[in-house]
Amino acid sequence: MSIWQRLVGDRHELSESVEPLSEQRETPGVRIEVQRLNKFFGSHHVLRDLDLRVDPGETFVIFGPSGCGKSVLLKLITGLLAPDSGRILVDGEDLHAEGLRRFRMAMVFQSSALFNSLSVGGNVGLWLKEHRICGPAEIARIVGEKLALVGLAGQEDAMPSQLSGGMKKRVSIARALAVNPHLMLYDEPTAGLDPVLTEQIGHVIVDLKHLKITSLLVTHDLNLGFAVADRLGMIHEGRLIEVGTPASIRATTNPVVQAFIHTQMKVLAR
Ligand SMILES: Nc1ncnc2c1ncn2[C@@H]1O[C@H](COP(=O)(O)OP(=O)(O)O)[C@@H](O)[C@H]1O
Ligand SMILES: [Mg+2]
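Dropping the structure here:
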């Protein structure tokens, strides 16, 4: 059974929109290429010829100080914002092109953004239900499977108001997984969480790596970044100034990256 089938269950019960993009592909993840991306807000030039490549199935972390353009980059990739120039390619096809093969992305927001009137199971299964992807029994099975993936097996009936911040975040990750995404985006997934909960969320994200969903995570928290990333890149003055594995970023000689790492470590040592 392929990873994809494990993710979506019996495909006969699902609409064709959940087929993998390629039968030959080893991962459900897409390749993302960002080419010379520029974004202005008035005269504020936030992203400057930014280039980025995220490989299929990779977990890529973008870090950098507050206000450097991390969330703007994610909004450009989701299409919530339009670039002033440059391209975003998904498996080689322009994100904004007519007739782009359908692919699914799911985002884990900084605020967990759960519907408080719905149970945990209702939140996780909402997309499947609204898009009539499958019937109630199959939705229940998929919801249970996704909750188990984030360490919340059996919590279907809990209400969001009963949950801690860390649990809400895990529900929002399960909800994103229910879409069977080809691309997962995380915007500051540990914002507002204490160090213990931050570590738990880090473990969940690491545990999900075996699914090989292409994942792009933005954070100012380098500890989290180092813990989960296959590769990381730092945004500075609108560009990715350095890209590498956790080990190579730690060993960087780039003074700007070094300064950011050292500032973070000092904050943590306090
Ligand atoms: N809709 C907007 N209108 C004007 N300025 C914006 C808008 N969104 C973001 N910005 C500005 O772009 C810069 C980058 O923002 P953002 O991507 O949110 O930073 P961060 O790296 O903290 O996520 C900031 O200076 C922010 O004020
Ligand atoms: Mg942000």
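Plus 131 on top of the position in the sequence shown (first one is 1) and you've got the working numbering.
Even for Gly, the Cβ is constructed at its ideal location relative to N, Cα and C.
When the options are compared against residue i, the one with the closest alpha-carbon
{"i": "Val302", "options": "Leu205, Val192, Leu314, Met238", "result": "Met238"}
{"i": "Phe357", "options": "Gly369, Pro377, Leu339, Ser243", "result": "Pro377"}
{"i": "Pro214", "options": "Ile372, Leu181, Phe191", "result": "Leu181"}
{"i": "Leu355", "options": "Gly296, Asp318, Val251, Glu269", "result": "Asp318"}
{"i": "Arg233", "options": "Glu224, Gln241, Gly198", "result": "Glu224"}
{"i": "Arg184", "options": "Pro291, Gly375, Glu287, Ser202", "result": "Gly375"}
{"i": "Asp361", "options": "His393, Gly198, Gln241, Ile336", "result": "Ile336"}
{"i": "Gly252", "options": "Phe191, Lys299, Met315", "result": "Lys299"}
{"i": "Met236", "options": "Leu324, Asn311, Gly275", "result": "Asn311"}
{"i": "Ser202", "options": "Ala322, Asp338, Ser379, Arg167", "result": "Ala322"}
Near ligand 2: residue i beta-carbon under 8 angstroms from a heavy atom
{"i": "Asp318", "result": "yes"}
{"i": "Ser242", "result": "no"}
{"i": "Val349", "result": "yes"}
Cβ-Cβ distance between residue i and residue j below 9 angstroms
{"i": "Val177", "j": "Gly200", "result": "yes"}
{"i": "Ile273", "j": "Ala309", "result": "yes"}
{"i": "Leu204", "j": "Ile193", "result": "yes"}
{"i": "Asn385", "j": "Glu368", "result": "no"}
{"i": "Arg162", "j": "Leu226", "result": "no"}
{"i": "Leu280", "j": "Ala305", "result": "yes"}
{"i": "Lys440", "j": "Thr158", "result": "Residue 440 cannot be examined here, being either before or after the span of the chain that is shown, 132 to 401."}
{"i": "Val387", "j": "Met365", "result": "yes"}
{"i": "Glu421", "j": "Arg218", "result": "Here the chain covers residues 132 to 401 and nothing more, so residue 421 does not appear."}
{"i": "Glu287", "j": "Ser250", "result": "yes"}
{"i": "Ala195", "j": "His351", "result": "Before going on, a small fix: residue 195 reads as Gly here, not Ala. Yes, the Cβ-Cβ distance between Gly195 and His351 is below 9 angstroms."}
{"i": "Gly275", "j": "Ala284", "result": "yes"}
{"i": "Ser292", "j": "Asn247", "result": "yes"}
{"i": "Thr394", "j": "Phe191", "result": "no"}
{"i": "Lys170", "j": "Leu212", "result": "yes"}
Where the alpha helix (DSSP H) through residue i begins and ends
{"i": "Ile380", "result": "377-381"}
{"i": "Met298", "result": "296-308"}
{"i": "Leu355", "result": "353-359"}
{"i": "Leu278", "result": "267-280"}
{"i": "Leu473", "result": "As displayed, the chain neither begins before 132 nor continues past 401, which places residue 473 out of reach and without an answer."}
{"i": "Lys260", "result": "251-261"}
Endpoints, beta strand (DSSP E) assigned at residue i
{"i": "Gly200", "result": "Gly200 -> no beta strand (DSSP E), and no H or E assigned at all."}
{"i": "Arg218", "result": "216-221"}
{"i": "Asn169", "result": "163-172"}
{"i": "His176", "result": "175-185"}
{"i": "Val192", "result": "190-194"}
{"i": "Thr350", "result": "345-350"}
{"i": "Arg362", "result": "362-367"}
{"i": "Asp318", "result": "314-318"}
{"i": "Ala289", "result": "Premise fails: Ala289 is in no beta strand (DSSP E) and is neither H nor E."}
{"i": "Ala237", "result": "236-239"}
Proximity test, residue i beta-carbon vs ligand 3 heavy atom, cut-off 8 angstroms
{"i": "Gln241", "result": "Because ligand 3 does not appear in the structure shown, any question about it cannot be addressed here, the ligands present being ligand 1 and ligand 2."}
For ligand 1, which residues have a Cβ under 5 angstroms from at least one heavy atom, in chain order? Phe172, Val177, Ser197, Gly198, Cys199, Gly200, Lys201, Ser202, Val203
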